[in-house]
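Visitor:
Residue numbers (the numbering used here), protein chains in the order written: chain B, 8 to 467; chain U, 8 to 467.
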């Protein structure tokens with residue numbers, strides 16, 4: 008039998024419900040995996056073994072008494088270290104916050120716990136979710152970056168140290184590490200998941216997202232996390248559908264729009280030829296692959312994103328920065344120092360471009376069931392000093408449209424490649440349905456039991 | 008019998024419905040009034056006599072055939088010249104726009120027309136609703152300002168050239184001219200009335216408002232204008248109650264909170280002593296007058312407002328300004344030039360103060376049915392080079408809370424004084440109920456038939 012830690016989230020849920028797996032055994036297996044791998048990977052910054060073992064025992068005991076807290080009862084989940092966890096250190100990957108213990112749970116963590124999940128520990132993040140790297144390494148090749156900013160969460164899920172983990176994305180901080188580490192990464196629509204109790208970076212761009220090893224697992228987690236939160240007024244009142252039920256598509260064949268503009272010319276050659284192969288496979292399986300004409304505002308997207316991120320980042324850090332100058336690392340320091348100089352009118356113009364681009368994309372999306380691009384311009388680059396290039400993910404952080412990374416194959420260097428599917432605003436249900444179909448067609452799984460496996464490759 | 012033009016809006020509605028007054032006779036009376044007064048007052052910039060006479064004839068004809076378009080059937084209404092009117096010049100009081108003919112109606116104008124109103128004409132505004140004065144004069148003393156930016160609308164209603172007129176407020180552009188001209192002025196909650204098709208000044212502060220001569224008249228107009236508009240996503244989905252029905256107050260006696268802080272020290276002596284008298288009257292009539300402790304964020308309100316208004320104003324005008332430098336007047340030019348220099352972080356800090364102040368005020372308002380302040384620091388000042396000081400109205404533009412001006416008496420110079428009542432967010436129903444009660448107690452009417460009359464005083 009497979010090690011419990013290497014089960015999919017959905018499998019863990021079923022086995023726990025059927026009493027074939029105890030939360031205690033699951034926790035043991037997970038901790039054993041962490042013990043053997045994390046000294047190399049460095050995905051975790053805080054794990055309170057005593058507390059979580061007690062917690063797992065409590066969950067096991069409840070099951071024996073017939074009590075289930077919710078769909079995630081007894082499942083250990085990783086949490087990026089920018090989410091407030093009551094009573095547990097939350098450092099945001101920064102010396103400035105090294106001793107900060109939040110007095111309450113972020114809404115996302117609260118919802119996980121309410122659904123029965125056990126917060127396994129906090130995963131490594133770049134400094135305040137910007138670009139100064141975490142110590143985490145890419146599990147497929149320890150000399151390569153795992154991507155960022157949600158570095159630890161992506162690497163932990165890729166190596167079965169946990170079945171799922173929370174992340175966040177302001178530029179490309181969920182989709183890029185998901186692609187580099189070969190896991191599923193979902194960034195839902197702006198306003199879909201509450202950010203209450205999450206360290207802000209740039210609040211009109213910040214999204215909560217997460218990592219799993221299958222689309223079905225992502226649907227489970229989204230169902231738990233999505234919904235309006237009065238503590239975060241940017242969350243929408245939109246109803247939350249049942250994501251676990253794979254909806255039928257109204258339109259057949261599936262219409263997938265491929266974005267060539269910008270993506271083709273900025274991709275490594277092997278990335279674009281891989282993407283062409285993926286398109287051919289999907290077409291052969293019955294989808295219509297259509298070329299998307301991007302709106303004129305697309306050309307202004309990268310600049311607008313940089314200006315908003317820098318101005319809001321500087322505004323959030325300004326006072327903290329004055330008091331803790333020496334504790335800030337160089338990339339965030341540079342962001343703050345340049346952010347402080349951005350004129351208000353430039354910021355407002357960038358926000359205008361953002362609104363325009365979102366409106367333009369709404370019109371474009373009417374013609375497709377989803378859009379497709381390569382998730383990243385290259386596989387995970389060598390070195391740990393940079394977390395890679397966010398260009399390919401940025402347009403969807405700016406537009407707020409939901410995106411998902413699907414592992415789609417391997418590079419020449421033996422590193423994962425991924426495709427990025429983009430859905431309509433609050434259309435995560437359809438996006439997940441399309442993603443399930445693509446996952447089935449591509450048959451590239453990030454499970455360590457099905458070929459693509461950092462575990463096997465590294466000989467752990 | 009009174010001249011039709013000097014009837015209240017509610018009276019016009021009743022008489023037209025009962026066929027005691029024809030839209031044609033009403034229009035004749037109104038145009039006669041304009042002919043006799045406007046050469047002095049200069050409230051109007053565009054009136055298309057032929058078109059509106061034809062329109063009135065059509066409305067009259069429809070009535071004779073038993074057709075009523077809506078509650079405002081056949082009523083002539085004034086429209087500030089920053090609202091788009093399809094096919095009718097909309098200059099925003101600026102040389103830059105002197106030949107601009109909008110291709111569609113602003114939502115507010117569209118709603119008026121749908122309710123059966125006739126757009127009588129466009130009223131004078133300061134340049135782009137900022138501070139460079141319109142030619143309009145105060146009907147109580149032609150050497151004094153009528154206030155701004157909605158100068159023409161306030162003066163036209165005060166002199167019965169129309170029963171009601173649209174205005175807008177970014178700082179104090181509805182409440183101040185209402186107070187200076189002795190009419191009722193309502194600025195509803197931010198997000199209550201659509202701004203689609205209105206020239207923006209500072210879009211996170213801009214409100215559509217209007218002028219009438221009684222609270223009952225204001226309730227009618229609000230009912231027509233309020234509600235969500237998909238074309239202006241800042242408009243709330245909040246349901247629109249029936250404002251015409253005077254709701255009962257849950258709590259008796261009425262609790263009125265008086266804001267002394269800032270207001271007392273910045274009022275002319277006669278203004279504050281007048282306010283004290285008003286408080287005494289209201290108390291004698293049964294209200295409880297309580298002192299309000301303002302939150303700490305109140306101290307930052309004026310600065311935050313100025314920064315937001317300047318940055319957004321500059322952002323809106325930047326390109327237009329480059330191309331039309333010589334056409335801009337000095338006050339708006341100064342606003343744009345300084346606005347261009349405001350750092351993004353200062354703007355973002357100001358927006359943070361705005362959110363904080365609104366949240367603080369929500370807590371404060373729980374203890375009162377409404378707040379009360381003098382509407383302006385002085386009666387209309389002499390001279391036409393300035394439209395007066397917006398300080399007293401600014402906190403409620405920043406907070407987005409609804410406010411109404413009630414004419415409350417006369418100054419030593421024989422100019423109107425007003426009190427400003429402030430309600431809770433989307434609590435216009437209650438605010439109007441309280442205002443109706445105060446109006447009854449104070450018995451100060453702005454009708455030319457009941458004493459306070461610019462018409463009589465000037466000997467027109």
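Note that CB positions come from ideal geometry on N, CA and C, so glycine has one too.
#1: Whose C-alpha, out of 47/B, 122/B and 32/B, is nearest the C-alpha of residue 74/B?
#2: Can you check whether the C-beta of residue 325/B is within less than 7 Å of a C-beta belonging to chain U?
#3: DSSP three-state call for residue 425/B: helix, strand or coil?
#4: Within 10 Å of its beta-carbon, does residue 429/B have 16 or more other beta-carbons around it, so buried, or fewer, so exposed?
#5: Is there contact here, the stretch 287-301 of chain B with the stretch 314-321 of chain B, by at least three beta-carbon pairs under 8 Å?
#6: Could you list which residues in chain U have their beta carbon closer than 8 Å to that of residue 139/B, in chain order?
#7: Check whether the Cβ of residue 352/B lies closer than 7 Å to any Cβ atom in chain U.
#8: Which chain B residues sit within Cβ distance under 8 Å of residue 346/U?
#9: Would you say residue 142/B and residue 188/B are within 7 Å of each other, going by their C-beta atoms?
#10: The beta strand (DSSP E) that contains residue 33/U, what's its start and end?
#11: Please state whether DSSP places residue 53/B in a helix, a strand or coil.
#12: Using a Cβ cut-off of 7 Å (strictly closer), state whether residue 459/U contacts chain B.
#13: Just grab the DSSP bridge partners of residue 225/U for me.
#14: Taking beta-carbon pairs under 7 Å, can you tell me which members of the stretch 355-381 of chain U lie near chain B?
#15: Using a C-beta to C-beta distance shorter than 9 Å, which residues of chain B count as neighbours of residue 319/U?
#16: Which residues share a DSSP beta bridge with residue 412/B?
#17: Can you give me the Cβ contacts of residue 119/B inside the same chain, cut-off strictly under 6 Å, excluding the 5 residues immediately before and after it?
#18: Indicate the three-state DSSP secondary structure (helix, strand or coil) for residue 240/B in the structure shown.
#19: So, is residue 27/U buried or exposed, given that buried needs 16 or more other C-beta atoms within 10 angstroms?
#20: In angstroms, rounded to a whole number, what distance separates the CA positions of residue 398/B and residue 77/U?
#21: Report, in whole angstroms, the separation of the C-beta atoms of residue 383/U and residue 266/U, which I expect to be a contact under 8 Å.
#22: Assign residue 21/B to one of two classes, buried (16 or more other C-beta atoms within 10 Å of its C-beta) or exposed (fewer than that).
#23: Spatial neighbours of residue 226/U within its chain, please: C-beta separation below 6 Å, excluding the five flanking residues on both sides.
#24: Give me the chain B residues within the contact set of residue 307/U, using Cβ-Cβ distance strictly less than 9 Å, ordered along the chain.
#25: Alpha helix (DSSP H) containing residue 367/U: first to last residue?
#26: Distance, Cα to Cα, residue 104/U vs residue 391/B?
#27: For a cutoff of 7 Å on Cβ pairs, would you count residue 235/B as touching chain U?
#28: Beta carbon of residue 200/U, beta carbon of residue 232/U: below 7 Å?
#29: In three-state DSSP terms, what is residue 263/B?
#30: Over the uninterrupted beta strand (DSSP E) stretch that includes residue 217/B, give me the two end residues.
#31: Pairing CB atoms from the stretch 133-152 of chain B with CB atoms from the stretch 108-116 of chain B, are three or more of them under 8 Å?
#32: Is residue 273/B helix, strand or coil by DSSP?
#33: Looking at residue 411/B: is its Cβ nearer than 7 Å to the Cβ of residue 193/B?
#34: Using a beta-carbon distance below 7 Å, is residue 322/U in contact with chain B?
#35: Would you give the residue range spanned by the alpha helix (DSSP H) that residue 116/U belongs to?
#36: Is the beta carbon of residue 190/U sitting closer than 7 Å to the one on residue 164/U?
Guide: In short, the structure shows the following:
#1: Position 67 of the first chain holds residue 74/B. Selected option, being the one with the closest Cα: 122/B.
#2: If you number the first chain from 1, residue 325/B lands on position 318. Yes, because at least one Cβ of chain U sits closer than 7 Å to the Cβ of residue 325/B.
#3: For the purposes of this step, residue 425/B is taken as the residue at position 418 of the first chain. DSSP places residue 425/B in strand when its eight states are reduced to three.
#4: Within the first chain, the letter at position 422 stands for residue 429/B. Residue 429/B sits buried, since 16 or more C-beta atoms from the chains shown fall within 10 Å of its C-beta.
#5: no
#6: The residue labelled residue 139/B in the question sits at position 132 within the first chain. In chain order: nothing, as chain U lies at least about 21 Å away.
#7: Sequence index remark: in the first chain, residue 352/B carries index 345 (1-based). So, interface residue.
#8: Locating residue 346/U in the second chain gives position 339, counting from the first residue. Correct list: 351 and 352.
#9: Position 135 of the first chain holds residue 142/B. Position 181 of the first chain holds residue 188/B. Result no, Cβ atoms of residue 142/B and residue 188/B do not sit closer than 7 Å.
#10: Working through the second chain from its first residue, we reach residue 33/U at position 26. It is not in any beta strand (DSSP E) - residue 33/U instead sits in the alpha helix (DSSP H) that spans 30-48.
#11: Locating residue 53/B in the first chain gives position 46, counting from the first residue. The answer is strand: DSSP assigns residue 53/B an E or B state.
#12: Walking along the second chain from the start, residue 459/U turns up at place 452. Bear in mind that the predicted position of residue 459/U carries a pLDDT of just 40, short of 50, making it unreliable; the figure below should be weighed with that in mind. Answer no: the Cβ-Cβ gap between residue 459/U and chain B never drops below 7 Å.
#13: Taking the first residue of the second chain as 1, we reach residue 225/U at position 218. Beta-bridge pairing links residue 225/U to no other residue.
#14: Within the stretch 355-381 of chain U, the residues whose Cβ lies closer than 7 Å to any Cβ of chain B are, in chain order, 355 and 356.
#15: Here residue 319/U is taken as the residue at index 312 of the second chain, counted from 1. Simply 351, 352 and 355.
#16: Here the question's residue 412/B lines up with position 405 in the first chain. The partner list for residue 412/B (beta bridge, DSSP) reads 192/B and 427/B.
#17: The count along the first chain starts at 1 and reaches residue 119/B at position 112. Cβ neighbours of residue 119/B beyond the five flanking positions: 84.
#18: Reading the first chain from its first residue, position 233 is the one you call residue 240/B. Residue state, collapsed to three classes: coil.
#19: Against the second chain, residue 27/U aligns to sequence position 20. Exposed: under 16 other Cβ atoms inside 10 Å.
#20: By 1-based counting over the first chain, the position of residue 398/B is 391. By 1-based counting over the second chain, the position of residue 77/U is 70. Looking at the two C-alpha atoms, the distance is approximately 54 Å.
#21: Start at 1 with the first residue of the second chain, and residue 383/U comes out as number 376. Start at 1 with the first residue of the second chain, and residue 266/U comes out as number 259. That pair is no contact at about 14 Å.
#22: Mapped onto the first chain, residue 21/B falls at position 14. Label assigned to residue 21/B: exposed.
#23: Translated into positions along the second chain, residue 226/U becomes position 219. The residues are 250, 251 and 439.
#24: For the purposes of this step, residue 307/U is taken as the residue at position 300 of the second chain. Result: empty, since nearest Cβ-Cβ is about 15 Å, beyond 9 Å.
#25: On the second chain, position 360 is the one that residue 367/U refers to. Counting along the chain, the alpha helix (DSSP H) containing residue 367/U begins and ends at 351-372.
#26: Here residue 104/U corresponds to residue number 97 of the second chain, with the count starting at 1. Here residue 391/B corresponds to residue number 384 of the first chain, with the count starting at 1. Distance between the alpha carbons of residue 104/U and residue 391/B is about 57 Å.
#27: Sequence index remark: in the first chain, residue 235/B carries index 228 (1-based). Closer than 7 Å: no.
#28: Mapped onto the second chain, residue 200/U falls at position 193. Mapped onto the second chain, residue 232/U falls at position 225. Yes, they are a contact pair.
#29: Here residue 263/B corresponds to residue number 256 of the first chain, with the count starting at 1. Strand.
#30: Sequence index remark: in the first chain, residue 217/B carries index 210 (1-based). Counting along the chain, the beta strand (DSSP E) containing residue 217/B begins and ends at 214-219.
#31: no
#32: By one-based count along the first chain, residue 273/B stands at place 266. Three-state DSSP puts residue 273/B in a helix.
#33: Here residue 411/B refers to the residue found at position 404 of the first chain. Here residue 193/B refers to the residue found at position 186 of the first chain. Yes, Cβ-Cβ distance for residue 411/B and residue 193/B is below 7 Å.
#34: Along the second chain, read from residue 1 onward, the residue named residue 322/U stands at position 315. True, the Cβ-Cβ gap to chain B drops below 7 Å.
#35: In the second chain, residue 116/U corresponds to position 109, counting from 1. Note, residue 116/U: alpha helix (DSSP H), 114-121.
#36: Residue numbering aside, residue 190/U sits at position 183 when the second chain is read from its first letter. Residue numbering aside, residue 164/U sits at position 157 when the second chain is read from its first letter. Yes, Cβ-Cβ distance for residue 190/U and residue 164/U is below 7 Å.
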